[in-house]
Amino acid sequence: MESDSSERVEIPPNFEAAPVDHLVQLIADMLERLISHNDRIPLSPESLTRFHSRSAPTISVLDYLKRIVRFTNVEKSCLLITLFNIDQICARLPLFTLSSLTCHRFVITSITVSSKGLCDTFCPNNLYARVGGISVTELNVLEREFLSMIDWRLMCTREILQEYYVNLVRTHSTGKFYIAGGESPSQSSDSEIDLDSGGSSPTDTPTPAQPSAVLLEPGTTAQEVIQRPTIEQNMAFAALQLQQLQESQELAQLRRDRS
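Put into structure tokens, the structure is as follows:
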């Protein structure tokens, strides 16, 4: 169902000026869509990490992020860089997926590491641990694991974070937000694309999904960034590829059985 244009919210063009509660809603929306997609992937022993919990936390991603913001006063750049860190790790370690079992531990660890690495002021680990609902010992272990997974690459340019911000607004699941001076409230959102479009069956096993990559390679133009596929399009294409692969394997098996 499309959102009523009168209910849409205008936000600033630059992420630094965006209200933190709006930024939290945008990031939570992206993470929750990733979780919904990746939770359909069967968990294999080789994909287990220290970030996996035995059961999914009862607190939602949105409320978890609100809790972190409330008690740690985290900077907006550290919130956004969480998505960049997911992209880094998924590129280096394809078996890692952000799911309901890994998201909360990953988020508090990413914010802890980025705050300590990039900000002039930050909280002690015992506060981050208490806010995150884990022990200090566990957070210390997760920090070391996290730094190894990102190869100690803590830095990210402001331009990359801005592209993540724009992409979050453009692909928000409800189309609630729009950037001042950009699209008009009456324009439709790319987020209306069905995650399972492309003829895939709901029973198909999806491939791991990442936040829509907007990392800029040298020479990339703004127009090329705008034309890049959204997270929904990438998911749908991956599901279609998997379906075609399964059909090809079934056909090959049928031919072998007949021969």
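Here UniProt numbering is used: the first residue of the sequence shown is 1, the next is one more, and so on. By construction, the Cβ of each residue, glycine as well, lies at the ideal position given by its N, Cα and C atoms.
| Check | Outcome |
| --- | --- |
| What do you reckon, are the CB atoms on F137 and S110 nearer than 9 Å? | Looking at the sequence shown, residue 137 is not Phe but Thr. Their beta carbons are not under 9 Å apart, which means T137 does not touch S110 by this criterion. |
| For the segment 94-180, list the alpha helix (DSSP H) runs that are entirely contained and at least 4 residues long, ordered along the chain. | 103-118, 125-132, 136-149 and 158-170 |
| Rounded to a whole number of angstroms, what is the C-alpha to C-alpha distance between V169 and W152? | 29 Å |
| If contacts are defined as beta-carbon pairs under 8 Å, then N146 and V113 qualify, I think. What distance do you get, rounded to the angstrom? | A small correction: the amino acid at residue 146 is Phe; Asn does not occupy that position in the sequence shown. The pair is a contact, with the Cβ atoms about 6 Å apart (cut-off 8 Å). |
| Assess, as a yes-or-no matter, whether the segment 114-125 is touched by the segment 60-79 under the definition of 3 or more beta carbon pairs within less than 8 Å. | yes |
| Find out if the Cβ-Cβ distance for the pair L118, L93 is shorter than 9 Å. | no |
| Could you give the distance in angstroms between the alpha-carbon of L54 and the alpha-carbon of F84? | Position check: residue 54 holds Arg in this sequence, whereas Leu was assumed. Going from the Cα of R54 to the Cα of F84 covers about 26 Å. |
| Given this structure, state the Cα-to-Cα distance separating T102 from R255, to the nearest angstrom. | 41 Å |
| Applying the criterion that 16 or more other CB atoms from any shown protein chain within 10 Å of the CB defines a buried residue, is E10 buried or exposed? | exposed |
| I need the DSSP call for E75, collapsed to helix, strand or coil. | coil |
| Expressed to the nearest angstrom, what Euclidean distance is found between the alpha-carbon atoms of L95 and H104? | 18 Å |
| Give the DSSP-derived three-state secondary structure of I59 in the structure shown. | coil |
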